[in-house]
Amino acid sequence: MAVMFYLLPVEGPEIATSDDVAMLRRDVDRQFDAVDHRFELLDARLEAMEHRIVGTIRGEMATLVTTQTRVIVVGLVGALTANTGLVLAASRLG
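Sequential numbering of the sequence shown, starting at 798, is according to my numbering.
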């Protein structure tokens with residue numbers, strides 16, 4: 798039996814033509830193109846945000862490392878000065 802036998806009867810205006818299907822396909826393609834464009838814009842915004850965040854983190858890290866290095870150097874200079882004073886005092890006593 799033919800496939801047409803199993804289909805429900807339809808009237809002329811209810812049948813989609815190949816032009817209708819082609820038009821629907823163009824509409825769907827346009828909608829997907831619009832969605833793709835929105836995703837591209839979103840990707841660009843996220844990339845710009847990523848660069849700002851990374852720049853901020855790098856700046857803060859540089860500041861923290863500089864501050865920490867300064868504290869360590871001052872502490873070491875103080876400890877060396879104190880040890881030198883102790884060695885000199887011990888050598889005069891001894």
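By construction, the Cβ of each residue, glycine as well, lies at the ideal position given by its N, Cα and C atoms. Just so we're clear, the structure is a prediction, and the values are computed from it rather than from any experiment.
Euclidean distance between Cα positions of residue i and residue j
i	j	result
GLU857	ALA876	28 Å
GLY891	GLY872	28 Å
ILE850	VAL870	30 Å
PHE829	VAL862	48 Å
ASP824	HIS848	36 Å
Per-residue DSSP class, three states only, for residue i
i	result
LEU843	helix
THR793	This structure does not reach residue 793, given that the chain is present from 798 up to 891, and the question cannot be answered.
GLU808	coil
ALA879	helix
THR814	coil
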